[in-house]
Amino acid sequence: MKTRKVLALAGVTLLATGVLAACSGGSATKGEQTFAFTYETDPDNLNYLTTGKAATADITSNVIDGLLENDKYGNLIPSMAEDWSVSKDGLTYTYKIRQDAKWYTSEGEEYAPVKAQDFVTGLKYATDKKSEALYLVQDSIKGLDAYAKGENKDFSQVGIKALDDQTVQYTLNKPESFWNSKTTMGVLAPVNEEFLNSKGDDFAKATDPSSILYNGPYLLKSIVTKSTVEFAKNPNYWDKDNVHIDKVKLSFWDGQDTSKPAENFKDGSLSAARLYPTSASFAELEKEMKDNIVYTQQDSTTYVVGTNIDRQSYKYTSKTSEEQKTSTKKALLNKDFRQAIAFGFDRTAYASQLNGQTGASKILRNIFVPPTFVQADGKNFGDMVKEKLVTYGDEWKDVNLADAQDGLYNPEKAKAEFAKAKTALQAEGVQFPIHLDMPVDQTATTKVQRVQSMKQSLEATLGSDNVVIDIQQLQKDDLLNVTLFAQTAAGEDWDLSDNVGWGPDFSDPSTYLDIIKPSVGENTRTYLGFDSGKDNEAAKKVGLNDYDKMVNEAGEETTDVTKRYNKYAEAQAWLTDSALVIPTTSKTGRPILSKMVPFTMPFAFSGNKGTSDPLLYKYLELQDKAVTVDEYQKAQDKWMKEKEESNKKAQEELAKHVK
Numbered sequence: 013m014k015t016r017k018v019l020a021l022a023g024v025t026l027l028a029t030g031v032l033a034a035c036s037g038g039s040a041t042k043g044e045q046t047f048a049f050t051y052e053t054d055p056d057n058l059n060y061l062t063t064g065k066a067a068t069a070d071i072t073s074n075v076i077d078g079l080l081e082n083d084k085y086g087n088l089i090p091s092m093a094e095d096w097s098v099s100k101d102g103l104t105y106t107y108k109i110r111q112d113a114k115w116y117t118s119e120g121e122e123y124a125p126v127k128a129q130d131f132v133t134g135l136k137y138a139t140d141k142k143s144e145a146l147y148l149v150q151d152s153i154k155g156l157d158a159y160a161k162g163e164n165k166d167f168s169q170v171g172i173k174a175l176d177d178q179t180v181q182y183t184l185n186k187p188e189s190f191w192n193s194k195t196t197m198g199v200l201a202p203v204n205e206e207f208l209n210s211k212g213d214d215f216a217k218a219t220d221p222s223s224i225l226y227n228g229p230y231l232l233k234s235i236v237t238k239s240t241v242e243f244a245k246n247p248n249y250w251d252k253d254n255v256h257i258d259k260v261k262l263s264f265w266d267g268q269d270t271s272k273p274a275e276n277f278k279d280g281s282l283s284a285a286r287l288y289p290t291s292a293s294f295a296e297l298e299k300e301m302k303d304n305i306v307y308t309q310q311d312s313t314t315y316v317v318g319t320n321i322d323r324q325s326y327k328y329t330s331k332t333s334e335e336q337k338t339s340t341k342k343a344l345l346n347k348d349f350r351q352a353i354a355f356g357f358d359r360t361a362y363a364s365q366l367n368g369q370t371g372a373s374k375i376l377r378n379i380f381v382p383p384t385f386v387q388a389d390g391k392n393f394g395d396m397v398k399e400k401l402v403t404y405g406d407e408w409k410d411v412n413l414a415d416a417q418d419g420l421y422n423p424e425k426a427k428a429e430f431a432k433a434k435t436a437l438q439a440e441g442v443q444f445p446i447h448l449d450m451p452v453d454q455t456a457t458t459k460v461q462r463v464q465s466m467k468q469s470l471e472a473t474l475g476s477d478n479v480v481i482d483i484q485q486l487q488k489d490d491l492l493n494v495t496l497f498a499q500t501a502a503g504e505d506w507d508l509s510d511n512v513g514w515g516p517d518f519s520d521p522s523t524y525l526d527i528i529k530p531s532v533g534e535n536t537r538t539y540l541g542f543d544s545g546k547d548n549e550a551a552k553k554v555g556l557n558d559y560d561k562m563v564n565e566a567g568e569e570t571t572d573v574t575k576r577y578n579k580y581a582e583a584q585a586w587l588t589d590s591a592l593v594i595p596t597t598s599k600t601g602r603p604i605l606s607k608m609v610p611f612t613m614p615f616a617f618s619g620n621k622g623t624s625d626p627l628l629y630k631y632l633e634l635q636d637k638a639v640t641v642d643e644y645q646k647a648q649d650k651w652m653k654e655k656e657e658s659n660k661k662a663q664e665e666l667a668k669h670v671k
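Residues in the sequence shown are numbered from 13 upward in steps of one, following the numbering used here.
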């Protein structure tokens, strides 16, 4: 499956999959405010309980509320739950549902109160329907794994109970210090049982706003495929004072004309626009609006180049013989060959196709789990990983894993690793050059340019007599069907793919590293071309069973956070050394023009209620004029200072919830 945090490679976006903002009806501070926006991918359903795709969450996260949400400093605060407590052993979480929480139809008519039982109904439905995001909680909630596997058919034995209309309680298998961060995800959201049953198979249909109920800040008013998505403020929402935007309109954009967002910003039809420094019009725009071009902060989404170690489909290929197919498979199973790809790939040149030379470094990332994602014992996660990584060989001693610089590109290392690989592969009868099919959306200019850049740097470093990147330019829908939307590994039709990324679901390294475990990983096919849980031979050959063991051992450490993170650092170090998943960039860290008041949106590195993916409209404010570089910097400095103080207070408050 593809969880909602598996993301198609961003090519035309501001902060998330289509994030452009606008105001209409006069001043942004007077009268009705409209937030207009572009989007790239239509949702295939509105089922927030079962889907794992960003295209759905981009919509439903703005209309469905769970127990908790994030404030602008990253703290978890009450949403449907007005209060909560956790037992001293860390196994039982009890939430009090607010009395003024209501369900509404798409027309804004009150349907029913939100009750504790709605959360029970939601989890049962998600489990029965084999939710793509069930992995988030299946091993966490007592009895849920047995129910999901059919070993126990009585859901009342699962560790979720409605103690009364206003109290829902979860019992966990083991303590999870990050449990509350999971409550922002759709798989733990509520649903009204009466409405669910009345809709049957028509529940959550992609183009029908009336097919779901709403308890969040916005109502979905219409969806027209490859055209528009429209929202309106929920006038009866319990926290309506924090909803400043009256309407939201998303317009479909295929990304071909990269100068269009800036033009629409200048003519007033958009109030924010993602900029493309490689476009022909950028130089003129930069002269005109240089004081207003700001770079967003790097987020926790990591885009990667995946390696298909067990390819089965060859509909889109330049290979002309079975020998070429076999040679490519053998090459991708060789670690030295994969390391040659990792070291020979000029990420700065790659990123510059999107961000320009000036901004290229601002989005670079070197490890799958961002280096500052978590901290323990005075160290960032990246520092912990580096300590483990250097033990794998001399090639890692001078590698810098920090964000915003290319710590991996090294042509000399690439050539050295390739020389070792070639000797071994020739002994296996492999014929050179190795042909690597790499698909790309032919309509997205910057995506094509990035793949071309990767081809150029790899072939220049390793020699086109050794490695050839065969770019497969596909229609967008065809591309999605053989990458992000492929239902089985047999549908993953590529050798290398940069069409996917991962944004964390909760605040723990496991949210990244668990997804490619060969035993139960939910996205092994997206990144590595095989289905988990089937004792895949290719996975064995590349040592993924060792990785599986490392991640499992880390997950078993539930009391000592420092030990837990160090164990996950060991797994990340192995993954980096394996070069099976090669990180490239973050999603944000890109130039924009904007009338969005800086740092008014919710913030978090994970979850559905405080990241740039999805963009949330609650709390967001607009201003009349374009934000200046000076305004943005001052707002950022102020926010960072306030965030540190706010996070400290929030940590102190946590103790009050233990009962």
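Cβ coordinates follow ideal geometry from the N, Cα and C atoms, glycine included.
Inter-residue Cα distance where the pair is residue i and residue j
i: Glu-52; j: Ser-239; result: 10 angstroms
i: Leu-58; j: Leu-262; result: 16 angstroms
i: Ser-330; j: Val-199; result: 41 angstroms
i: Tyr-85; j: Asp-389; result: 22 angstroms
i: Asn-548; j: Asp-520; result: 27 angstroms
i: Asp-589; j: Asp-279; result: 49 angstroms
i: Pro-530; j: Ala-551; result: 7 angstroms
i: Gln-584; j: Asp-636; result: 45 angstroms
Residue i, enclosing beta strand (DSSP E) - first and last residue
i: Met-450; result: 446-453
i: Ser-598; result: 593-598
i: Val-494; result: From DSSP, Val-494 is part of no beta strand (DSSP E) but of the alpha helix (DSSP H) over 488-494.
i: Ser-11; result: With the chain covering only 13 through 671, there is no way to say anything about residue 11.
i: Tyr-326; result: Where Tyr-326 is concerned, there is no enclosing beta strand (DSSP E), given that its DSSP letter is neither H nor E.
i: Pro-125; result: 122-125
i: Trp-115; result: 114-116
i: Leu-88; result: 88-90
Three-way DSSP call (helix, strand, coil) for residue i in this model
i: Phe-380; result: coil
i: Val-153; result: Just to set this straight, residue 153 is Ile in the shown sequence, not Val. In this structure, Ile-153 counts as strand in the three-state DSSP scheme.
i: Ala-647; result: helix
i: Arg-286; result: strand
i: Gly-513; result: strand
i: Gly-78; result: coil
i: Thr-314; result: strand
i: Gln-2; result: The structure shown does not extend to residue 2, since the chain spans only 13 to 671, so no value can be given for it.
i: Thr-571; result: coil
i: Thr-29; result: Because the pLDDT at Thr-29 is just 29, under 50, the model does not fix this residue reliably, and the value given afterwards should be weighed accordingly. Coil, per DSSP.
i: Gln-387; result: strand
i: Phe-264; result: strand
i: Phe-9; result: Coverage of the chain is limited to positions 13 through 671, which leaves residue 9 absent and any answer about it impossible.
i: Ile-321; result: coil
i: Phe-243; result: strand
i: Leu-231; result: strand
i: Glu-633; result: coil
i: Gln-181; result: strand
i: Ile-353; result: helix
Range covered by the alpha helix (DSSP H) that runs through residue i
i: Gln-45; result: Looking at the DSSP string, Gln-45 is not in any alpha helix (DSSP H), and its letter there is neither H nor E.
i: Lys-341; result: 334-344
i: Trp-96; result: Unbroken run through Trp-96 is the beta strand (DSSP E), 93-98; no alpha helix (DSSP H).
i: Leu-556; result: 556-568
i: Gln-464; result: 457-474
i: Tyr-85; result: Tyr-85 -> no alpha helix (DSSP H), and no H or E assigned at all.
Contact belief for residue i with residue j at Cβ below 8 angstroms, rounded distance in angstroms
i: Lys-398; j: Leu-413; result: 5 angstroms
i: Ala-93; j: Leu-103; result: That belief does not hold up - the Cβ atoms of Ala-93 and Leu-103 are roughly 18 angstroms apart, past 8 angstroms.
i: Tyr-249; j: Thr-270; result: That belief does not hold up - the Cβ atoms of Tyr-249 and Thr-270 are roughly 36 angstroms apart, past 8 angstroms.
i: Glu-429; j: Ala-352; result: 4 angstroms
i: Tyr-421; j: Asp-358; result: 5 angstroms
i: Trp-651; j: Phe-611; result: 4 angstroms
i: Leu-632; j: Met-608; result: 6 angstroms
i: Ile-620; j: Pro-614; result: Per the sequence presented here, residue 620 reads as Asn, with Ile not at that position. Not confirmed; about 10 angstroms, so no contact.
i: Gly-228; j: Asn-74; result: 6 angstroms
Selection from the options that minimises the alpha carbon distance to residue i
i: Val-593; options: Ser-283, Thr-329, Asp-266, Arg-537; result: Arg-537
i: Tyr-452; options: Gln-387, Phe-385, Thr-495; result: Contrary to the premise, residue 452 reads as Val rather than Tyr in this sequence. Checking every option, the nearest Cα to that of Val-452 belongs to Thr-495.
i: Tyr-226; options: Trp-115, Thr-360, Thr-570, Asn-493; result: Trp-115
i: Thr-46; options: Ala-456, Tyr-644, Leu-634; result: Leu-634
i: Ser-189; options: Ala-647, Arg-576, Ala-138; result: Arg-576
i: Ser-333; options: Val-442, Pro-595, Lys-391; result: Val-442
i: Ala-630; options: Lys-186, Lys-233, Ile-257; result: Note that residue 630 is Lys in the sequence shown, not Ala. The residue with the shortest Cα to Cα distance from Lys-630 is Ile-257.
i: Met-197; options: Leu-556, Ala-138, Asp-213, Asp-220; result: Ala-138
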